[in-house]
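Chains A and B, in that order, are what the protein sequence lines are.
Note that the working numbering has the first sequence beginning at 1, numbered continuously upward.
Note that the working numbering has the second sequence beginning at 198, numbered continuously upward.
First up is the structure itself, then whatever we jot down about it.
Protein chains: 2
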Amino acid sequence: MILREGKLKKIQSRAVMEHNLDYTISLLTHTPAALNALLRDLPEIWTLRNEGEKTWSAFDVVGHLNYAERANWIPRAKSILQFGETRAFDPFDREGQSREIQGKSLGQLLDEFARLRSENITELRALNLQPKDLERRGLHPSLGVITLSELLATWAAHDLTHLHQISRIMAHQYQDTVGPFSRFLGVLKCAGHSATA
Amino acid sequence: MILREGKLKKIQSRAVMEHNLDYTISLLTHTPAALNALLRDLPEIWTLRNEGEKTWSAFDVVGHLNYAERANWIPRAKSILQFGETRAFDPFDREGQSREIQGKSLGQLLDEFARLRSENITELRALNLQPKDLERRGLHPSLGVITLSELLATWAAHDLTHLHQISRIMAHQYQDTVGPFSRFLGVLKCAGHSATA
Numbered sequence: 001m002i003l004r005e006g007k008l009k010k011i012q013s014r015a016v017m018e019h020n021l022d023y024t025i026s027l028l029t030h031t032p033a034a035l036n037a038l039l040r041d042l043p044e045i046w047t048l049r050n051e052g053e054k055t056w057s058a059f060d061v062v063g064h065l066n067y068a069e070r071a072n073w074i075p076r077a078k079s080i081l082q083f084g085e086t087r088a089f090d091p092f093d094r095e096g097q098s099r100e101i102q103g104k105s106l107g108q109l110l111d112e113f114a115r116l117r118s119e120n121i122t123e124l125r126a127l128n129l130q131p132k133d134l135e136r137r138g139l140h141p142s143l144g145v146i147t148l149s150e151l152l153a154t155w156a157a158h159d160l161t162h163l164h165q166i167s168r169i170m171a172h173q174y175q176d177t178v179g180p181f182s183r184f185l186g187v188l189k190c191a192g193h194s195a196t197a
Numbered sequence: 198m199i200l201r202e203g204k205l206k207k208i209q210s211r212a213v214m215e216h217n218l219d220y221t222i223s224l225l226t227h228t229p230a231a232l233n234a235l236l237r238d239l240p241e242i243w244t245l246r247n248e249g250e251k252t253w254s255a256f257d258v259v260g261h262l263n264y265a266e267r268a269n270w271i272p273r274a275k276s277i278l279q280f281g282e283t284r285a286f287d288p289f290d291r292e293g294q295s296r297e298i299q300g301k302s303l304g305q306l307l308d309e310f311a312r313l314r315s316e317n318i319t320e321l322r323a324l325n326l327q328p329k330d331l332e333r334r335g336l337h338p339s340l341g342v343i344t345l346s347e348l349l350a351t352w353a354a355h356d357l358t359h360l361h362q363i364s365r366i367m368a369h370q371y372q373d374t375v376g377p378f379s380r381f382l383g384v385l386k387c388a389g390h391s392a393t394a
């Protein structure tokens, strides 16, 4: 019982003290335009090539971001507000983007990302979350108890992990072309692959 | 002598076969707008914080990119064309951005990056480089013989290594805020730091 209280206290302090929702929303607002400026109309060497068998291209990553906009963040936030810890989130399908990308161009995926993200931020703002709402807890299928604060912070960090991944995938295409300069390029040494969130 | 020819052949094949200069220029053209869309008007938590003592913020990285636009790529390309292997490049000052950033806002640095990059691409195009020019060799102060092709490919990959770094610096600010989700976020596990190029 003491252990349980200790755990509870830890969850509460990590939720309340560090999360300014405006910072999260600001970052979430910037990402679609950043990916659009980086990727739209680039030659396919940069956007359609991956890092080897069973890895993703930048195109695949944008599809994954779109799938997460539909299936992950807002549905899970609503699940926390509605069910709390009494019902675990649906597991997130890490290959869910396969349906998102079928028959689409990168330009279409980038347009969709901008639209879905904008709609979701509107929906997030409409929830009018207060600091004590951010402490509310939900049940992640593999992580166990998490807070709404942690879920929403992860939404922003998930953008960054995939921007990080995209820059690594793109650099990979030039790993031989740069010759001996590869020694200086940290991105070519990165093994920070993301799992599903 | 056989060894030397073997080495020469290796340098030639890595220069000629893999480098399409249009791909490089296309990426170089996209980067300023991508960084602008990502960073401009973000709260300072994302742009001015670093990863700990003696590390860079996103602001510092943009300063470094500006310094490299002035001191690295075009001057070195011209050095190769003018002096070949007879004169080593001036060493690149990894702290050269300290002069670039002094008294400036992030908005000013982003404006400068867009301007410097645009001028440098114009200058690169004016060199009217042909495939055999890309094979030309220069002398790097620590790497030894490198080709013009490798230098120009590194210019593009250097953008990517710093986009990769910026996304990692930004994610670092939320490493505690995401709570247990950190397990899924590869960017929080990345140790792919770049050295000077």
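Note that the Cβ used here is the ideal one computed from N, Cα and C, for glycine as well.
Helix, strand or coil at residue i according to DSSP, with G and I counted as helix
| i | result |
| --- | --- |
| Leu-245(B) | coil |
| His-140(A) | strand |
| Ala-285(B) | strand |
| Val-258(B) | helix |
| Thr-161(A) | helix |
| Thr-221(B) | helix |
| Thr-31(A) | helix |
| Val-145(A) | strand |
| Trp-155(A) | helix |
| Tyr-174(A) | coil |
| Lys-78(A) | helix |
| Asp-330(B) | helix |
| Pro-377(B) | helix |
| Ala-71(A) | helix |
| Arg-168(A) | helix |
| Asp-111(A) | helix |
| Gln-294(B) | helix |
| Ser-315(B) | helix |
| Ala-191(A) | coil |
| Gly-186(A) | helix |
| Asn-128(A) | coil |
| Leu-38(A) | helix |
| Glu-250(B) | coil |
Cβ separation of residue i and residue j, assumed to be a contact under 8 Å, to the nearest whole Å
| i | j | result |
| --- | --- | --- |
| Leu-124(A) | Ile-25(A) | 7 Å |
| Leu-360(B) | Ser-167(A) | 4 Å |
| Val-375(B) | Thr-154(A) | 5 Å |
| Leu-349(B) | Ala-274(B) | 7 Å |
| Glu-85(A) | Arg-137(A) | 5 Å |
| Leu-134(A) | Ser-149(A) | 4 Å |
| Leu-116(A) | Arg-87(A) | The pair is not a contact, with the Cβ atoms about 24 Å apart (cut-off 8 Å). |
| Leu-225(B) | Asp-356(B) | 7 Å |
| Ser-163(B) | Phe-289(B) | For residue 163(B) there is no data in the structure shown, the boundaries of chain B being 198 and 394. |
| Phe-59(A) | Leu-109(A) | 7 Å |
| Asn-20(A) | Ile-74(A) | So it is not a contact: roughly 20 Å between Cβ atoms. |
Buried versus exposed, by CB contacts within 10 Å (16 or more), residue i
| i | result |
| --- | --- |
| Phe-200(A) | Nothing can be reported for residue 200(A), as the shown portion of chain A is limited to 1 through 197. |
| Arg-94(A) | exposed |
| Phe-83(A) | exposed |
| Gln-294(B) | buried |
| Leu-245(B) | exposed |
| Ala-353(B) | buried |
| Ala-191(A) | exposed |
| Asn-269(B) | buried |
| Gly-260(B) | buried |
| Gln-165(A) | buried |
| Asp-22(A) | exposed |
| Thr-122(A) | exposed |
| Arg-183(A) | exposed |
Residue i Cβ short of 6 Å to the ligand ZN heavy atom set
| i | result |
| --- | --- |
| Lys-275(B) | The ligand ZN is not among the ligands present in this structure, which contains no ligands whatsoever. |
**Study point:** Interface positions of the region 32-55 of chain A facing chain B (Cβ-Cβ less than 9 Å), listed along the chain
**Key:** Shown in chain order are the members of the region 32-55 of chain A whose Cβ falls below 9 Å from a Cβ of chain B: Pro-32, Ala-33, Ala-34, Leu-35, Asn-36, Ala-37, Leu-38, Leu-39, Arg-40, Asp-41, Leu-42, Pro-43, Ile-45 and Trp-46.
Review point. Okay, do the region 50-68 of chain A and the region 156-175 of chain A touch, 3+ Cβ pairs below 8 Å being the bar?
Key: The region 50-68 of chain A makes contact with the region 156-175 of chain A, as at least three CB pairs between them are under 8 Å.
Review point. Taking three-plus beta-carbon pairs below 8 Å as touching, is the region 181-188 of chain A in contact with the region 132-147 of chain A?
Key: Taking 8 Å as the limit for Cβ pairs, the verdict is that the region 132-147 of chain A does not touch the region 181-188 of chain A.
Point to revise | the region 340-353 of chain B: positions lying closer than 8 Å to chain A by Cβ | key: Taking 8 Å as the upper bound on Cβ-Cβ separation, chain A lies near residues Leu-340, Gly-341, Ile-343, Thr-344, Ser-346, Glu-347, Leu-348, Ala-350, Thr-351 and Ala-353 of the region 340-353 of chain B.
**Study point:** Residues in the region 168-182 of chain A having any Cβ partner in chain B nearer than 7 Å
**Key:** For the region 168-182 of chain A, residues whose beta-carbon sits nearer than 7 Å to a beta-carbon of chain B comprise Arg-168, Met-170, Ala-171, Tyr-174, Asp-176, Thr-177, Val-178, Gly-179, Pro-180 and Phe-181.
Review point. Going along the chain, which residues of the region 51-82 of chain A sit with their C-beta nearer than 8 Å to a C-beta in chain B?
Key: Those residues of the region 51-82 of chain A that come within reach of chain B (Cβ to Cβ, closer than 8 Å) do not exist; the list is empty.
Review point. Using 8 Å as the threshold, is the region 227-241 of chain B in touch with the region 31-39 of chain A, meaning 3 or more CB pairs across them?
Key: Yes, since at least three Cβ pairs between the region 227-241 of chain B and the region 31-39 of chain A fall closer than 8 Å, the two stretches touch.
Exercise for review: Name, going along the chain, the residues of the region 308-336 of chain B whose beta-carbon falls closer than 8 Å to a beta-carbon of chain A.
Suggested key: Only those residues of the region 308-336 of chain B whose C-beta falls short of 8 Å from the nearest C-beta of chain A would be listed, and there are none.
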